[in-house]
Amino acid sequence: MKNLFYIVFTLFGILVVLPLIHTLFGIFFSGDFFPNIQQFNPETFNLLFKSSLIAIATATIATFLGTVLAFLLYKTSLSSVNLLKALLLIPLFISPYILAVAWRDFFYLSFNNTALISSAAGTVLVLINIYSPLSVLIIGSALNNIDTQLEESGLLVTNFPKMVFKIILPLIKPAILSSFALIFIFSISEFSVPAFFGIKVFTTEIFTQFSAFYNHSLAILQSLLLILVCVLLLFTEGRYLAGASFLSMGSKGTKSKIYELGKKRNSVFAFSILYLIISVFIPFVVLFIQSFKYGTEKFIEAFNILLPTFSNSLMLAFWASVFTVLTGFVFAYYSVYKKHSILNKLSNWFLLIIFAIPSIIFGISLIKFYNRPELNFIYSSLAIVVIAYTGKFSFIAFKLIENSMQQIPKSLDEAAQITGIAYSRRIFKILIPLIMPALFAAFILSFIFNLGELAITIMLYPPGMEIMPIKVYTIMANAPQALTSSMTLIVFLISLLIISSFYLIYRKIERKYSPLFKMQ
Amino acid sequence: MKNYLAISLIFALFLFSCSTENKEVVVYTSVDQVFSEPVLKDFEKETGIKVKAVYDTEETKSTGVLNRLIAEKNNPQCDVFWSGDPVRSVVLKNKGITQAYQSPAANDINKVYKDAQHHWTGFSARARVLIYNKSILPDSLVPKSIFDLSKKVYQNKFAIANPLFGTTTFNIAALFNVLGDEKAKQFLTDLKANGLVIATSNGDVKKRVVQGETACGLTDTDDAHEALAEGADIGIVFLDQEGIGSLIMPNTVCLIKNAPNSEKGKKLIDYLLSKQTEAKLAISCAQMPLHKGVQVPENVPSLDNIVPMHIDYDKTAQKLEEIQEYLKNWVEN
Chain C
1 MKNLFYIVFT LFGILVVLPL IHTLFGIFFS GDFFPNIQQF NPETFNLLFK
51 SSLIAIATAT IATFLGTVLA FLLYKTSLSS VNLLKALLLI PLFISPYILA
101 VAWRDFFYLS FNNTALISSA AGTVLVLINI YSPLSVLIIG SALNNIDTQL
151 EESGLLVTNF PKMVFKIILP LIKPAILSSF ALIFIFSISE FSVPAFFGIK
201 VFTTEIFTQF SAFYNHSLAI LQSLLLILVC VLLLFTEGRY LAGASFLSMG
251 SKGTKSKIYE LGKKRNSVFA FSILYLIISV FIPFVVLFIQ SFKYGTEKFI
301 EAFNILLPTF SNSLMLAFWA SVFTVLTGFV FAYYSVYKKH SILNKLSNWF
351 LLIIFAIPSI IFGISLIKFY NRPELNFIYS SLAIVVIAYT GKFSFIAFKL
401 IENSMQQIPK SLDEAAQITG IAYSRRIFKI LIPLIMPALF AAFILSFIFN
451 LGELAITIML YPPGMEIMPI KVYTIMANAP QALTSSMTLI VFLISLLIIS
501 SFYLIYRKIE RKYSPLFKMQ
Chain L
521 MKNYLAISLI FALFLFSCST ENKEVVVYTS VDQVFSEPVL KDFEKETGIK
571 VKAVYDTEET KSTGVLNRLI AEKNNPQCDV FWSGDPVRSV VLKNKGITQA
621 YQSPAANDIN KVYKDAQHHW TGFSARARVL IYNKSILPDS LVPKSIFDLS
671 KKVYQNKFAI ANPLFGTTTF NIAALFNVLG DEKAKQFLTD LKANGLVIAT
721 SNGDVKKRVV QGETACGLTD TDDAHEALAE GADIGIVFLD QEGIGSLIMP
771 NTVCLIKNAP NSEKGKKLID YLLSKQTEAK LAISCAQMPL HKGVQVPENV
821 PSLDNIVPMH IDYDKTAQKL EEIQEYLKNW VEN
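Protein chains in written order, with the working numbering: chain C, 1 to 520; chain L, 521 to 853.
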């Protein structure tokens, strides 16, 4: 079993980390470093500051909304709560670019004006729309894990609002900060939304260097500044939380307390529905109207266009998600059980750096490393895309799984060890069943992100291969709006169908391991 | 032990099972997939040579494949690059990524549309046109010249795509070549002062004009044709027919240096440069043939009836590199 861990570490190091190091060394020692670094000027840092402000605003508001909604959905007796939770996730399935187009169309159709949305505030609005569901997931899971006894004891000595501020919020503080950090990284790295609205931010500057000036070295050096901001943020957060978790998907140890809403039930329900209307209904309805404006013809045409891409895309997303979860599991295991090893600390930072680096830069690094005759068998196959997806999204899987592992009492493993149960058996029979919800959540999130990833895919997909996001975006350039919107809807429906199937499979596995799940 | 062996095996199988064969031609194209794919499929059917294509997207401003070609320079994977304009081909030529190939299929194409060293060859052209929303702009107010757009009557009513990318860049560079730097800069300053709207792309310009967000905008003939096909109430104008002329932008095709399948690549280039390809592109996206005697639908204008802007495409592409920094400042400030 230990060998498997070392194999995963080694493969990740060679396949994912080495290309990035190779590219950076290439710039430092090629003579490109000093001429390009001299191009950094106050404007560069102003732009980085502006991007940071947009990301801070997005992360703050999305986390605030996420906290409120998570409380309503996970801690109150709100009706139709499971349906509301599922609906809230919809924006995660739709690409940021498509959502930006839908929002702009909505503003034009409703107010005959797009100036309001084509602004920094509009960018923040769309990003909040996309990332609030992540915040709900993170904070909702943390709320689920609060010990009921703590809340009840609090209510004995003080009123409800004070108990929320003095007990619940401090307990979910790690999740709140983690939600903030994750959304911040996503927002500061986002390119398509600000570019569509014509807002100049740091990522659009990197893109301009890359695609208008073809100055790859400067673009890569600029992206290092972006990474530095993310590293500083997570370093500060890590110091502050001293190893606290990002996400907690299980409810280990205790049962969560549910608060009766009483007379406020209707108004709270109305608030939830209002949020759903703004974040899900509006963009979705715009897409729906555009799709069926001329009947079902365009929808059928879109289906036929996308049909050849289904098998490749789903297989790609599936395998990449399997490897992402495997990598996340191994890294999380080392993070929890071998906390102080240098290998663990180094690898965690690399996971973060690869997650934070703009996709296009990561793609270029992989091309520069793998595009050589001896590695053609990787570069000219889908394996290069799997490697890229695994590298990009392992950080999220790692954080999900790491947190879940941290919640398992070490005494369980120690007791099994004393009774002489073998190492691999302890992992397969104790650890994995206990973290199964987190493994599933990591798999699903990876699957969603892998299925929709465009920037890396366009740089790396093998010639002649039909892949869903590529097809959607290559067709949309000159296709009627009805066709583009139909394709977006189909991608969403396919994703939903597949994820529902995974969920059914997961439920079967869960039932099989039910005695162990009940221990949580 | 068994478990990790199984996983390693699956991974290895996955790696190898997906590797590509080396008996085909690989083409990277910045031309929209809806138009380029049918042509490539026809080539496959007619020659039996498998075409493996990489298409570009609007979201990456159609520069994804160009950047990929640059990154792949030391070990090219691509045989043929089919560009929607001459700029990208010139960029590749300047970076030493293309090789010369004089296709016999292009013998009767005007030399203006061909690189002097045969690194790229033009075919089926688009033109830069002005589209206007008929319900907003009456016929009497429709501009005839690009220079009209700096007049007060068009204040806040005119859009162009971001000139840092795509055909708009080339359009501006051509103006610099025709007018000279000083006059061109003054014109751009006047446009900006007149409330010019900078859209994300040509497609975005089309959408804004069709929806009536702006009265008129500069775009390419294929976008204009697409809008008409969708039933939009727009008009199309070839600007400056009594002055500097309209910019004509041919598709260009080039052979990649050290291409893995260069012979098959040459066959594909010959096919793309043929009259039959031009006829197909005239039907699908109203592109104007550069060969004489190609049958085209009625809605496709003939180059014989358009006054073209007289430019040297190579020099215009060089000018483009010179003015990029200026354009960046112009867009951002």
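Don't be surprised by glycine CBs; every beta carbon is placed ideally from N, CA and C. All of these numbers come straight from a predicted model, not from anything done at the bench.
The CB of residue 846 of chain L never comes closer than 8 Å to any CB in chain C; the least such distance is about 12 Å.
When DSSP assignments are scanned along the stretch 317 to 378 of chain C, the uninterrupted stretches of alpha helix (DSSP H) that are 4 or more residues long and fall wholly within it turn out to be 342 to 356 and 359 to 370. Taking C-beta atoms under 8 Å as the contact rule, residue 356 of chain C and residue 401 of chain C fail to qualify, at a distance of about 19 Å. Runs of the beta strand (DSSP E) lying entirely within the stretch 613 to 661 of chain L, each at least 3 residues long, are 641 to 653 in chain order. Think of a sphere of 9 Å around the beta carbon of residue 588 of chain L: the chain C residues whose beta carbon falls inside it are 363, 364, 367, 458, 459 and 460, in chain order. If only uninterrupted alpha helix (DSSP H) runs of at least 4 residues are considered, those enclosed by the stretch 442 to 480 of chain C are 455 to 460 and 468 to 476. At a cut-off of 8 Å between beta-carbon atoms, residue 475 of chain C makes contact with chain L. By alpha-carbon distance to residue 26 of chain C, the top candidate from C:365, C:56 and C:14 is C:365. By the Cβ criterion, the stretch 122 to 135 of chain C is in contact with the stretch 76 to 96 of chain C, since at least three pairs of Cβ atoms, one from each stretch, lie closer than 8 Å. Contact check between the stretch 167 to 184 of chain C and the stretch 62 to 72 of chain C: three or more CB pairs, one atom from each, fall below 8 Å, which counts as touching. Residue 474 of chain C and residue 379 of chain C have their C-alpha atoms spaced approximately 22 Å apart. Taking C-beta atoms as the reference points, residue 143 of chain C and residue 71 of chain C count as a pair closer than 8 Å. Around the beta carbon of residue 830 of chain L, fewer than 16 other beta carbons sit within 10 angstroms, so the residue counts as exposed. Contiguous beta strand (DSSP E) elements confined to the stretch 693 to 744 of chain L occur at 717 to 719 and 736 to 740, taking only those with 3 or more residues.
Here residue 223 of chain C really is in contact with residue 358 of chain C; their C-beta atoms are around 5 Å apart, less than 8 Å. Membership of residue 36 of chain C in the alpha helix (DSSP H) is indicated by the continuous run 33 to 37.
Under the three-state reduction of DSSP output, residue 601 of chain L falls in the strand class. Following the DSSP letters along the chain, one finds residue 575 of chain L inside the beta strand (DSSP E) bounded by residues 570 to 575. When C-beta atoms of the stretch 749 to 760 of chain L are compared with those of the stretch 670 to 680 of chain L, fewer than three pairs fall below 8 Å, so the two segments do not count as touching. In the structure shown, residue 798 of chain L falls within a helical segment according to DSSP collapsed to helix, strand and coil. Residue-level contact check: residue 739 of chain L does not touch chain C, since none of the beta carbons of chain C fall below 8 Å from its beta carbon.
Counting only the Cα atoms, residue 419 of chain C lies some 43 Å from residue 155 of chain C. Among the CB atoms of chain L, none fall inside 8 Å of the CB of residue 13 of chain C.
Of all residues in the stretch 727 to 756 of chain L, only 727, 728, 731, 732, 733, 742, 743, 746, 749 and 750 place a beta-carbon less than 9 Å from a beta-carbon of chain C.
The alpha-carbon separation between residue 655 of chain L and residue 480 of chain C amounts to approximately 21 Å. Residue 122 of chain C and residue 28 of chain C have their C-alpha atoms spaced approximately 38 Å apart. Judged by their CB atoms, residue 447 of chain C and residue 499 of chain C are nearer to each other than the 8 Å cut-off. In the three-state reduction of the DSSP assignment, residue 423 of chain C falls in the helix class, which pools H, G and I. Looking at the DSSP output, residue 772 of chain L shares a beta bridge with L:603 and L:642. In terms of Cβ geometry, residue 651 of chain L and residue 737 of chain L form a close pair [threshold 8 Å]. Between the stretch 612 to 625 of chain L and the stretch 777 to 795 of chain L, the count of Cβ pairs shorter than 8 Å is three or higher; the stretches touch. Nearest in C-alpha terms to residue 625 of chain L, of all of L:806, L:615 and L:638, is L:638. Distance from the CA atom of residue 141 of chain C to the CA atom of residue 135 of chain C, rounded to whole angstroms, is 10 Å. Proximity of residue 372 of chain C to chain L, defined by a Cβ-Cβ separation below 8 Å, is satisfied. Contact annotation for residue 684 of chain L against chain C: 208 and 212 [CB-CB distance below 7 Å, chain order]. Distances from the CA of residue 4 of chain C to each of C:424, C:146, C:39 and C:85 were compared; the closest alpha carbon is that of C:424.
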